[in-house]
Amino acid sequence: MNQELSKAALDYHANPKPGKLSINITKATETQRDLALAYTPGVAEPVRAIAEDPTNAYKYTAKGNLVAVITDGSAILGLGDLGPLASKPVMEGKAVLFKRFADIDVFDIEVDAPSPEAFIETVVNIAPTFGGINLEDIKGPQCFEIEQALVERLNIPVFHDDQHGTAVIVAAALLNALEVQEKSLKNIKIVCLGAGAAGVATMRLLVSLGVSREAITMVDRQGIIHVGRSDLNPYKFAFARETDERSLSDALKDADVFIGLSGPNILTPDMLKSMAAKPIIFALSNPDPEIQPSLAFEIRKDVVMATGRSDYPNQVNNVLCFPYVFRGALDVRARCINQSMLIAAVHAIRFLAHESIPEVVFKAYPGSEKLKFGPEYILPKPVDPRLLQVVPAAVAKAAVETGVAQIGYPKHYI
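Below, the structure written as structure tokens:
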């Protein structure tokens, strides 16, 4: 980040009032009667109603539209383990995105927990406040353990965005990129560089969509994940291959797809040259991708490429997913967010990129007037208002159909 942008970012967060969030009152509080209804004695009536039937909390409190964005600060963006307090600007930012794109209220909660077990207990203990839990910036492999434990113990949606948000957007982008490149999901060779939360979750989702596990090669800092390694956690071992290949260079020979969730400038020109015809490159390291787009296009004219940056075409951005998945889940009071709901989100996002782009997108992205589905447009833009129309509806429908919804499909989705 250059000096000017760094100063602007600090000024943005500090002025005119510190932080990015505030709490607003939603009921009248002007008169003595208003206050009597808001607090004592009037507040006793919804208390009694909720004690009699806990589902009344959704009728009389903000629970049904309130999500907790919770972290321990152990994996903040690409900055690492800087602790819970340092993560607060990111969690406030996440809350802003929930509100801006799906009108969901958020409390950001930064937990100083000495162990995964302590973190889990903290979340379980405060869960009655919320309609959903969004886990954020928790390092692996404990992020898997934490999410699974919370899913099992809570009856509200629990979603680790670093895992599933990334997986949904990568899957939607890949399906469209394969269409552009005239390739099939069932006949491709995928190399995933990075075997943390995002990498494992993305590969799991791609398998559920039809990719063979044998077609996936995962690579971490020690090289290819293969069955002969003794340093693998269970999540990595699930993707261990029986192979003599040991390096990223070995894996990329004749590969159709490279998905980078690692670090900058790791994909070399020779590696890209060795890939199959019409390769797909998702260089998602942020802010510096695994290979610069200008270099990739110089080496291969037949490449379709995506990055995590907004200043290049095809940004893989989780904001296309998590606000809308939660919106759909909350609207039917889903007990969880299951694989069918994630797949529904994949297809809703994917097919939206095939539609004509609305005028509001052109205003937000100068020069986008020429965009249409193709090599430089495989995902909708974050400001596309149709995301709020189609993704929550698809997620809610999947929740109802799979039996995890506690109320029916909302009329406004029909």
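Going by this note's numbering, the letters in the sequence shown line up with residues 12 to 425, in that order.
Yeah, the Cβ is synthetic: ideal placement off N, Cα and C, and Gly gets one too.
Check whether the region 245 to 264 and the region 282 to 302 are in contact - that is, three or more C-beta pairs closer than 8 angstroms.
yes
Backbone CA spacing between E156 and I425 [nearest angstrom]
37 angstroms
Using the C-alpha atoms, what's the distance from L272 back to A212?
12 angstroms
Should H365 be labelled buried (16 or more other beta-carbon atoms within 10 Å of its own) or exposed?
exposed
Let me know the secondary structure DSSP gives V230 once reduced to three states.
strand
Between D148 and T42, what straight-line distance do the alpha-carbon atoms span, to the nearest angstrom?
44 angstroms
Please return the same chain residues whose Cβ sits closer than 6 angstroms to the Cβ of L427, not counting the five positions on each side in sequence.
Absent from the model: residue 427. The displayed extent of the chain is 12 to 425, so no value can be given.
If you draw a straight line from the C-alpha of I201 to the C-alpha of A113, how long is it?
Between I201 and A113, the alpha-carbon positions lie close to 33 angstroms from each other.
Residues of its chain near M102, where Cβ-Cβ distance is below 7 angstroms and the 5 sequence neighbours each way are ignored:
V80, T82, D119, E121 and E147
Counting Cβ pairs, one atom from each stretch, are 3 or more of them under 8 angstroms apart for the region 325 to 337 and the region 159 to 179?
Touching, yes.
So for H24, helix, strand or coil by DSSP?
H24: helix per DSSP, three-state reduction.
By the three-class DSSP mapping on this structure, what secondary structure does F141 have?
When secondary structure is reduced to three states using DSSP, F141 falls in the coil class, being assigned neither helix nor strand.
For P510, which residues of its own chain have a beta-carbon under 6 angstroms away from its beta-carbon, when the five flanking residues on both sides are left out?
Since the first residue shown for the chain is 12 and the last is 425, residue 510 is missing from the structure and cannot be characterised.
Cutting at 7 angstroms between CB atoms, please list the residues of its own chain near N76, excluding the five before and the five after it.
I115, D116, G142 and L341
Bounding residues of the beta strand (DSSP E) (the contiguous stretch that carries C203):
I201 to L204
Exposed or buried, H175, counting other C-beta atoms within 10 Å across all chains shown (16 or more means buried)?
buried
Own chain residues within Cβ distance below 7 angstroms of L93, not counting five before or after:
G84 and I87
First through last residue of the beta strand (DSSP E) which encompasses V169
V169 to H171
Under 8 angstroms between the Cβ atoms of I277 and M316?
no
Per DSSP, which residues does H237 bridge with? Please list them.
R252
Between A359 and V411, which are expected to be in contact by the criterion C-beta below 8 angstroms, what is the C-beta distance as a whole number of angstroms?
At roughly 15 angstroms, the Cβ-Cβ gap does not stay under 8 angstroms, so A359 and V411 are not in contact.
Nearest neighbour of V181, chosen from P396, A226, N328 and V394 [CA to CA]
When only C-alpha atoms are compared, the closest one is N328.
Report yes if the C-beta distance between V343 and Y246 is below 8 angstroms; otherwise report no.
no
On the DSSP letters alone, give me the boundaries of the alpha helix (DSSP H) that M316 sits inside.
It is not in any alpha helix (DSSP H) - M316 instead sits in the beta strand (DSSP E) that spans V315 to T318.
DSSP beta-bridge partners of L77:
D116
Just mark V54 as buried or exposed, buried being the case when its beta carbon has 16 or more other beta carbons within 10 Å.
exposed
Out of curiosity, what's the CA-to-CA distance linking I348 and S305?
38 angstroms
Taking 6 angstroms as the limit between beta carbons, can you name the residues of its chain near K74, skipping five residues before and five after?
A68 and G142
Should Y388 be labelled buried (16 or more other beta-carbon atoms within 10 Å of its own) or exposed?
buried
7 angstroms Cβ shell around V394 - same chain, five flanking residues per side excluded:
Excluding residues within five positions, the ones whose Cβ falls inside 7 angstroms are V371, V372 and A375.
Taking the C-alpha atoms as reference points, what is the distance between A183 and S17?
Taking the straight line joining both Cα atoms gives about 33 angstroms.
Check whether A356 and K408 have beta carbons under 8 angstroms apart:
no
Helix, strand or coil for E387 per DSSP?
Assignment of E387 by DSSP, reduced to helix, strand and coil, places it in the coil class.
What residue does the alpha helix (DSSP H) around V372 start on, and which one ends it?
Boundaries of the alpha helix (DSSP H) harbouring V372: E370 to A375, taken from the DSSP string.
Express the C-alpha separation of D45 and P391 in angstroms, rounding to a whole number.
45 angstroms
Just mark R224 as buried or exposed, buried being the case when its beta carbon has 16 or more other beta carbons within 10 Å.
Result: exposed.
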